[in-house]
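**Student:**
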Amino acid sequence: MTDSDFAADEIDTSTPHSARMYDYFLGGKDHYAADRKAAEDIRRLFPQVSSAAWANREFMHRASAFLAHKGIDQFLDIGTGIPTQPNLHQVVQGISPTARVVYADNDPIVLRHAQALLRGTPQGITAYVHGDLRKFEDILNFAREYLDFRRPVALSIVSALQFVSEPHNPYRIVSSIMSLLPPGSYLVLSHVTWEFEPEIWDRIDAIYRRGKDTMRARSRAEFVPFFDGLELCAPGITVATHWRPTPQMRIRDERVPLYVGVALKR
Ligand SMILES: C[S@@+](CC[C@H](N)C(=O)[O-])C[C@H]1O[C@@H](n2cnc3c(N)ncnc32)[C@H](O)[C@@H]1O
């Protein structure tokens with residue numbers, strides 16, 4: 000882990016941050032007044048935002064469990080967010096106690112909480128790096144210390160790609176990482192879409208821009224190419240609540256504005 004004191008100094012509480020706003024939407028405790036104000040401004044435009052956040056989180060749980068049951072035991076999760084139980088390592092190490100999980104996020108507040116994330120099973124590995132998707136090579140250099148890239152890895156980027164806009168070429172980022180993973184690896188993605196309520200997303204982007212983030216919601220047609228060259232697992236691309244639903248889900252049936260998919264690299 001990098002120096003948390005250094006990162007703690009960088010925490011800017013005066014402007015909203017996506018990780019802290021998401022924590023607020025999930026009912027967590029790690030947010031400041033600027034985050035709450037921005038989050039409530041979003042809730043006025045999009046009253047179901049907390050349900051959507053939970054539907055997203057629950058998709059991550061189901062997709063990770065699905066892959067752990069398939070025998071995947073190495074996970075690289077980028078854009079991890081502030082810890083919210085259960086976290087990905089708790090889901091997969093509950094199925095496969097020796098599973099290795101590497102987390103990365105670019106928000107210093109997530110780094111501050113990484114110590115909590117690091118408590119995985121004694122048999123498995125749970126590691127965290129402060130890193131940015133736009134500099135994914137640094138994340139991969141760290142991940143190689145813990146994951147064996149000669150064996151399949153599940154790459155998950157769950158509700159984080161909408162914070163990477165076109166000048167940074169998010170498609171190239173995803174395909175470059177996948178190109179370095181061996182056959183048998185998987186890609187797990189969720190992504191905010193503007194398609195169900197096109198009129199609100201420019202205003203939501205304007206709220207995120209008060210801080211360091213932009214919100215680039217995408218259409219289904221813009222989401223699909225992230226999976227180019229990969230084989231989508233059934234049921235293909237769906238909204239988050241419709242992907243392999245289970246009776247345990249707290250958010251069911253709602254058409255949340257999030258497209259999701261899980262795909263295999265043959
Ligand atoms: C909406 S939260 C999702 C958290 C978690 N993946 C989940 O689905 O519950 C988005 C996260 O992506 C992180 N993020 C945004 N842009 C990023 C980037 N360029 N590199 C790494 N992380 C990023 C934010 O800091 C935030 O923690």
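Under numbering that gives the first Met the number 0, the first residue of the sequence shown is numbered 0, with each subsequent residue one higher. Virtual Cβ for every residue (Gly too), placed ideally from N, Cα, C.
#1: Taking one C-beta from the stretch 90-102 and one from the stretch 10-17 each time, how about it: are there three or more such pairs within less than 8 Å?
#2: Is it buried or exposed, Glu198, if we count other Cβ atoms within 10 angstroms and call 16 or more buried?
#3: Determine the burial state of Phe195: buried for a count of at least 16 other Cβ atoms within 10 Å of its Cβ, exposed for fewer.
#4: Select from Pro256, Pro244 and Arg202 the residue whose C-alpha is nearest the C-alpha of Ser218.
#5: Are the CB atoms of Ile77 and Ala159 within a distance shorter than 8 Å?
#6: So the candidates are Pro224, Gly70 and Val238; which of them puts its Cα closest to the Cα of Thr97?
#7: Quick check: what's the CA-CA separation for Gly228 versus His241?
#8: Ile203 to Val109, Cα distance in whole Å?
#9: Spell out a yes or no on whether the stretch 45-65 and the stretch 147-159 are touching, meaning 3 or more CB-CB pairs, one atom from each, closer than 8 Å.
#10: Please classify Pro46: is it buried, with 16 or more other beta-carbons within 10 angstroms of its beta-carbon, or exposed?
#11: Tell me the residue span of the beta strand (DSSP E) that contains Leu186.
#12: Check each candidate in Ala233, Ala32, Leu75 and Pro121 and name the one with the smallest Cα separation from Ile138.
#13: Out of Glu57, His88, Ala32 and Tyr145, which one is the CA nearest neighbour of Val238?
#14: If the criterion is Cβ atoms closer than 8 Å, does the pair Leu25 and Thr120 meet it?
#15: Please determine, among Pro182, Tyr31 and Ala142, the residue with the shortest C-alpha to C-alpha distance to Thr125.
#16: Mind pulling the alpha helix (DSSP H) runs of 4 or more residues that sit fully within the stretch 47-129?
#17: Would you identify the three-state DSSP class for Glu230, choosing helix, strand or coil?
**Tutor:** Once the coordinates are examined:
#1: Taking 8 Å as the limit for Cβ pairs, the verdict is that the stretch 10-17 does not touch the stretch 90-102.
#2: Exposed: under 16 other Cβ atoms inside 10 Å.
#3: Burial call: exposed.
#4: Taking only the C-alpha atoms, the option nearest Ser218 is Pro256.
#5: In contact: Ala159 and Ile77 (Cβ atoms closer than 8 Å).
#6: It is Gly70.
#7: Gly228 and His241: Cα-Cα distance of roughly 23 Å.
#8: Using only the alpha carbons, I get a separation of about 23 Å.
#9: In this structure the stretch 45-65 lies against the stretch 147-159, because at least three pairs of beta carbons, one per stretch, are closer than 8 Å.
#10: Here Pro46 is exposed. Its C-beta has fewer than 16 other C-beta atoms within 10 Å.
#11: Start and end: Tyr185 to Val191.
#12: Out of Ala233, Ala32, Leu75 and Pro121, Leu75 has the C-alpha closest to the C-alpha of Ile138.
#13: Ranked by how close their Cα comes to the Cα of Val238, the residues Glu57, His88, Ala32 and Tyr145 have Glu57 in first place.
#14: Not in contact: Leu25 and Thr120 (Cβ atoms no closer than 8 Å).
#15: Thr125 has its Cα closest to that of Ala142, out of Pro182, Tyr31 and Ala142.
#16: Within the stretch 47-129, the complete alpha helix (DSSP H) runs of at least 4 residues are 48-68, 87-94, 107-111 and 113-116.
#17: In the three-state DSSP reduction, Glu230 falls in the strand class (E or B).
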